[in-house]
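Take any residue in the sequence shown, note its place counting from 1, add 1, and you have its number in this note's numbering.
Everything below concerns the one structure shown next.
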Amino acid sequence: MIVITNPSAIANEISIIDSLLEEGLSLLHIRKPDFSAIEMARLIHQIKLEFRSNLVLHNHHQLAEDFGIKRIHFSQKDRKNSFSIRQDEKILSTSTHSIEDFNSLENDFDYAFLSPVFKSISKADYHPKENLFEALKRRTNHKTKVIALGGIDAENIAKTLENGFANVALLGTIWNNENPIKQFKLCQQIAQSYLV
Numbered sequence: 002m003i004v005i006t007n008p009s010a011i012a013n014e015i016s017i018i019d020s021l022l023e024e025g026l027s028l029l030h031i032r033k034p035d036f037s038a039i040e041m042a043r044l045i046h047q048i049k050l051e052f053r054s055n056l057v058l059h060n061h062h063q064l065a066e067d068f069g070i071k072r073i074h075f076s077q078k079d080r081k082n083s084f085s086i087r088q089d090e091k092i093l094s095t096s097t098h099s100i101e102d103f104n105s106l107e108n109d110f111d112y113a114f115l116s117p118v119f120k121s122i123s124k125a126d127y128h129p130k131e132n133l134f135e136a137l138k139r140r141t142n143h144k145t146k147v148i149a150l151g152g153i154d155a156e157n158i159a160k161t162l163e164n165g166f167a168n169v170a171l172l173g174t175i176w177n178n179e180n181p182i183k184q185f186k187l188c189q190q191i192a193q194s195y196l197v
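Shown next, in the form of structure tokens:
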């Protein structure tokens, strides 16, 4: 299971991040689009050193070397810049918003988000343009793992994993919850029963 950070800073964020990782979160995507490189470096520096291998950078990719981070994520818009990263040293992921976009990915990406699967929890008026469960039936790219994003919560994780997605990414269901750790553990328990 993957968790994506809240786009802006939130109270007790580092404490929550460390707790999520201690509870077994496998990948934390650090997505802070408005952070400067210095703010991003400060955030990474505060996360426990033992969890560096669980971190994925969405921007300020140049910091990966400094912090020993091996995972880089490219937005759909920035994907053309992925060729500048030395492929042999990094694990790459990207974002897609249609099955056609997903199918057209080159083989360099280990996994890709396909979104939104459901109406977004964190973004107002962001909802699916098509049924992505149906769209997955047209999948031709089987080298890249497909990860569900958008409106994923404890109520629909099972349905999502039963219908062809390799894994799920959580954002709003964690950061908009008054008890993010409890919510994560509930979602993790459901996901783990499918991801054996």
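Beta carbons are placed, not taken as given, at the ideal position from N, Cα and C, and that holds for glycine.
Pick helix, strand or coil for Leu196, following the three-state DSSP scheme.
coil
Just to check my reading of the structure: Ser96 and Asp111 have Cβ atoms closer than 8 Å, yes? What is that Cβ distance to the nearest angstrom?
That belief does not hold up - the Cβ atoms of Ser96 and Asp111 are roughly 13 Å apart, past 8 Å.
From the DSSP output, in three-state form, read off Arg80 for me.
helix
Helix, strand or coil for Phe119? Go by DSSP, reduced to three states.
In the structure shown, Phe119 sits in coil (DSSP, three-state: anything other than H, G, I, E or B).
In three-state DSSP terms, what is Ala10?
coil
With distances taken between CB atoms, is the gap from Tyr195 to Leu162 smaller than 7 Å?
yes
I'd like to confirm the pairing. Which residues does DSSP put opposite Arg72 in its beta bridges?
Val57 and Ile92
Out of Lys146, Ile158, His98 and Ser9, state which residue places its alpha-carbon closest to the alpha-carbon of Gln190.
Ile158
Would you identify the three-state DSSP class for His98, choosing helix, strand or coil?
In the structure shown, His98 adopts coil according to DSSP, grouped into three states.
Minimum C-alpha distance to Asn164 - residue among Phe185, Asn104, Leu137 and Cys188
Leu137
Opposing strand residues paired with Phe114 [DSSP bridges]:
Ser96 and Ile148
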